[in-house]
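Undergrad: Counting along the sequence shown from 1, when you hit position 166 you're at 150 in my numbering, and nothing is skipped either side. Below is a structure I'd like to ask you about.
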Amino acid sequence: MDEYLKKHQSKIKDLRFMAHLFRRSLLSMIGLILIIILIFIALFAPFISSQHPSYVTVETEQGTKVTEERWAINFSQSLLPPSPKHLFGTDDYGRDLFSMVIYGSRTSFRICVIVVSISTLIGIILGGIAGYFGGIIDEILMRITDVFLAIPYLILAMAIAAALGRSIDHIMEAMIIVWWPTYARIMRGQVIS
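Spelled out as structure tokens, the structure:
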């Protein structure tokens, strides 16, 4: 263990310095706290939310009933303002907007993890190949990367998503296609150096 510490002393010192700077930065700490809160909300959505977002609350003679019918509409509960029962109000179908936001955070994190993981993997592989082999392979891969980087990210992602169709999977595919070139450039630079 002591041998390992002696061998990597400079790296350990750099990591401690970075951690010190991170702790001293107010914006970094606020960002970290917000990310932790969002992860907590996504993990514990069923416990935080009063009902599933696709459920509709129906008032009957026997009392309040939560129906699980997917396409149920309750016009008496539609477009209600915020209240203790519905913190953000309801939509035009009578569904609770707070529940939709809470459960939507799960979808956002799923998309985030999948897109970043796959685009990083693709970028590392293609950037590593370009940097390691060089020559014509490097030229071809980097010119393809330049084409993707020349088009603004948002416009390219919207165009790809529109061409593929409406689906969360298609949106993720569009985001992966748009993001891998950045990782490929970084990886190529690391391999070359």
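The C-beta atom is built at its ideal place from N, Cα and C for all residues, glycine as well. Bear in mind the structure is a predicted one, so any value in this text is a computation, not a measurement.
Name, in chain order, the residues that DSSP records as bridge partners for Y129.
TA: One detail in the question is off: residue 129 reads as Thr in this sequence, not Tyr. In DSSP, T129 forms no bridge with anything.
Undergrad: Between the segment 79 to 94 and the segment 130 to 141, can you find at least three pairs of beta-carbon atoms closer than 8 Å?
TA: In short, these stretches do not touch, since the Cβ pair count stays below three.
Undergrad: In angstroms, rounded to a whole number, what distance separates the CA positions of L63 and R94?
TA: So the two alpha carbons sit approximately 29 Å from each other.
Undergrad: Count Cβ pairs between the segment 164 to 176 and the segment 121 to 132 that sit closer than 8 Å; are there 3 or more?
TA: Result yes; three or more Cβ-Cβ pairs closer than 8 Å.
Undergrad: Under 8 Å between the Cβ atoms of S103 and I160?
TA: Yes. Within cutoff.
Undergrad: Which of the three DSSP states is assigned to D80 in this structure?
TA: Reduced to three states, the DSSP call for D80 is strand.
Undergrad: How many angstroms separate the CA atom of G119 from the CA atom of A143?
TA: Taking the straight line from one Cα to the other gives about 32 Å.
Undergrad: Take the Cβ of R150 as the centre, count every other Cβ of all protein chains shown within 10 Å, and call the residue buried at 16 or more, exposed below.
TA: Flag for R150 reads exposed.
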